[in-house]
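Residues in the sequence shown are numbered consecutively from 391, following this note's numbering.
As structure tokens, the structure follows; a few thoughts come after it.
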Amino acid sequence: MAIARFVLYGLSFASSLLIVAFVPKSLSGEFLSTYAASSLIGGIGIVLAFSSPLATSTVRYWATLALVCICLVGLIWPQPGVWILYAGALLMSDYMASQSGSNRLPIIYRVIMIISALPFIFFSTVFTSLILVRTALCFVVIAAVLVKTKNLKVLKIHKSFWYVSVSHLAYFGTLLSITVMLPNDLVRAWYIGTQVGFGLLLKRFDFLIRDDAVSHSYIDYGIPIFATAIPCFIMVFWYSAPALLAYITGVFAISRLKFFLQ
């Protein structure tokens, strides 16, 4: 069952990469940088809320407030606002589903995310509209959890501020630096490669703090080996010393997260 959940997560994660792969070139720089920056800021707040002993009341309050704020941003600042709205809704719905205490909801959520990514392959010319549809689906999940769930599971994190800061700066900070440092012809390859490598490394810790531990040697040892091989492959076709340095720094930071788990 644990392996099935990991595979389902992998497919859901791949769907996010699929969206990045089909971002129109005219929007790629703005979308990727805004998404990374929004996820960095929003992710820190969301994880801190879910790691609070009063997670249920804290999340309900801040989820409502945050969603109202990002909706206003989307109305006032249309184009970047859509990306901010999407990043916030995606992060919040992910944690709301996994911490709801339901066995079915996380599975349903992952399936929805996988299916909703497929249209990007065929209709990338209406990219913004598809992002809005995916955002709306996230809002449906958030609303369902807020209405039906009385208690949310607390994330098992020791020194939560430091865990959140290190993990999000390593992941989204590296992605953001890649969008700033690299030209458009290199950004997509390094962005996707970093998402894959860091996403897998962080997911091992994520399973542990969400009380969904997966303990298999081929996962524990295979993921670090695979994550290390990714930049080696990318360097062959899309050489960039600054991106490689950013990747190595991020991997080192992620390896320190084990000291912040309960």
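Note that the Cβ used here is the ideal one computed from N, Cα and C, for glycine as well.
A quick note: this is a predicted structure, and the numbers were derived from the prediction, not measured.
Rounded separation between residue i and residue j - CA only
i	j	result
LEU522	PHE529	10 Å
VAL556	ASP484	20 Å
ALA631	ASN574	16 Å
ALA404	ALA534	25 Å
VAL554	LEU438	7 Å
ILE644	PHE623	21 Å
VAL641	PRO621	11 Å
SER492	LEU542	10 Å
SER490	ARG578	34 Å
ILE613	ARG500	21 Å
ILE431	LEU536	22 Å
VAL516	PHE649	44 Å
GLY435	LEU634	29 Å
LYS415	SER519	16 Å
Opening and closing residue of the alpha helix (DSSP H) in which residue i lies
i	result
VAL718	Coverage of the chain is limited to positions 391 through 652, which leaves residue 718 absent and any answer about it impossible.
GLY640	631-645
PHE421	415-440
PRO496	494-507
For residue i, three-class secondary structure by DSSP
i	result
LEU408	helix
GLN489	coil
LEU401	helix
LEU591	helix
VAL544	coil
LEU566	helix
PRO573	coil
PHE510	helix
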